[in-house]
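Notes for the one structure printed next.
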Amino acid sequence: MTNRLRFSLTISNSTFPFLPRLFDRFPNLTSLHFTHFCGDLNSLLYQIYTCALKLKSLIFSNQSTIPTEGLRVLSKYITTVTSLTFSNIDFLHKNDMVMILICFPFLEELDHSNPKNNGNFAANSMLLELPKLRRVNLSDHHYANGSLLLHLYKNCVFLQEIVMLNTYYLTDNEITSAICERPGLRSISITRMTFGNLNIFIESLVNLTGLTSLDLSYSFIPDELLSYVAEKALPIRKLFLQGYFGYTYFGIFNLLSKCQFIQYLDLQNAKFMNDWNVIELSLFLGDLLSINISKCDSPHKFILVFSP
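The numbering used here runs 290 ahead of the 1-based position in the sequence shown.
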């Protein structure tokens with residue numbers, strides 16, 4: 291029986307023998323997940339490219355290597371792929387990402403987070419042109435630097451979201467310069483920042499009038515930064531300040547009272563939070579869907595306040 295309403299399929303060793311039937315049954319598949327497949331990915335991709343699927347997304351997380359040969363062949367026959375995920379890859383060959391980006395030059399989403407080794411090769415390959423890139427995740431690329439970030443912001447004119455968690459060679463000046471190149475950014479996730487020139491960073495940040503998601507976890511965040519964001523009333527829906535460095539209840543109150551459409555809030559480790567603070571903040575969080583207040587002083591009463 292044909293099912294045209296299924297668009298995603300997870301391929302494992304147990305489903306592998308039945309792929310031809312599955313592809314016939316689900317002709318409108320656009321996304322394939324290979325995370326749980328433990329066999330020869332190149333051979334598997336050789337079989338898939340012969341199928342008349344209009345694939346858009348391929349996910350290869352938690353694999354030992356990237357199946358470059360299989361992807362090279364597949365890219366010649368299936369040209370609709372716009373999203374690739376290669377997170378938690380054990381080993382990267384020097385030219386793996388170069389070849390991938392040449393084969394898929396019109397990617398809109400790329401997740402190459404947490405490489406186990408040789409992250410510098412992958413980061414350098416990002417200097418290639420990706421004109422349609424909208425979202426990129428390069429978390430845990432410890433070799434990523436300001437040159438890479440600036441290149442992405444300058445050359446990827448459609449870029450809306452960048453995630454670079456746990457990168458250690460980025461300075462606030464480099465991040466500020468990059469942000470100024472792409473005022474249409476909607477989401478920024480860059481952690482462990484310290485500020486040498488806070489005012490310039492604030493000025494660039496508040497000019498992102500379409501910013502809906504901000505993650506500055508484990509960074510030193512003074513109340514001044516939160517107050518400026520509040521003053522501009524940016525349309526933030528997701529706010530992550532995990533780690534608690536610098537800001538106080540005054541800064542959080544000021545921001546949430548002006549930006550009242552927060553849906554996802556992370557204040558883990560905000561030790562200053564008490565029961566009265568929780569009650570006050572709840573008045574501004576009518577749209578809240580998820581909150582992380584673990585390691586705060588009063589999580590049990592926080593949960594009671596936000597229970598439906």
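All C-beta atoms, glycine included, are put in the ideal place defined by N, C-alpha and C.
Check	Outcome
Closest residue to E570 among D556, F540, Q353 (Cα-Cα distance)	F540
Beta-carbon gap between L545 and L515 smaller than 7 Å	no
Cβ distance (whole Å) where P357 is taken to contact L382 below 8 Å	With 8 Å as the limit, P357 and L382 do not qualify as a contact, their Cβ atoms being about 12 Å apart.
Under the three-state DSSP convention, the category F306 falls into	helix
Distance between beta carbons of K346 and T370, contact taken as under 8 Å	6 Å
Rounded Cβ spacing between M454 and I480 (contact assumed at less than 8 Å)	5 Å
Closer than 6 Å: N544 CB and nearest the ligand HEM heavy atom	The model on display carries no ligand, and the ligand HEM is accordingly not part of it.
Spatial distance of N435 from N427 (CA atoms)	14 Å
Nearest-angstrom Cβ-Cβ length linking T355 and D330, presumed shorter than 8 Å	In fact, because the Cβ distance is near 11 Å, the residues do not count as touching under 8 Å.
Whole-angstrom C-beta distance between L397 and L607, which should lie under 8 Å	Residue numbering for the chain in the displayed model covers 291 to 598; residue 607 lies beyond these limits and cannot be assessed.
Proximity to L557 [Cα-Cα], best of S572, N582, K548, Y508	N582
From T466, P473, H432, V496, residue whose alpha carbon lies closest to that of F448	P473
Unbroken alpha helix (DSSP H) run spanning I349, endpoints	Taken as a continuous stretch (DSSP letters only), I349 belongs to no alpha helix (DSSP H), being part of the beta strand (DSSP E) at 347 to 349.
Segment limits, alpha helix (DSSP H) that includes R362	358 to 367
E419 versus W566 - alpha carbon distance	52 Å
Beta carbon of N378 nearer than 7 Å to that of N407	no
Alpha carbon of Q353 to alpha carbon of A520, nearest angstrom	43 Å
Proximal residues to N303 (C-beta, below 7 Å), its chain only, five neighbours per side dropped	F327, C328, G329
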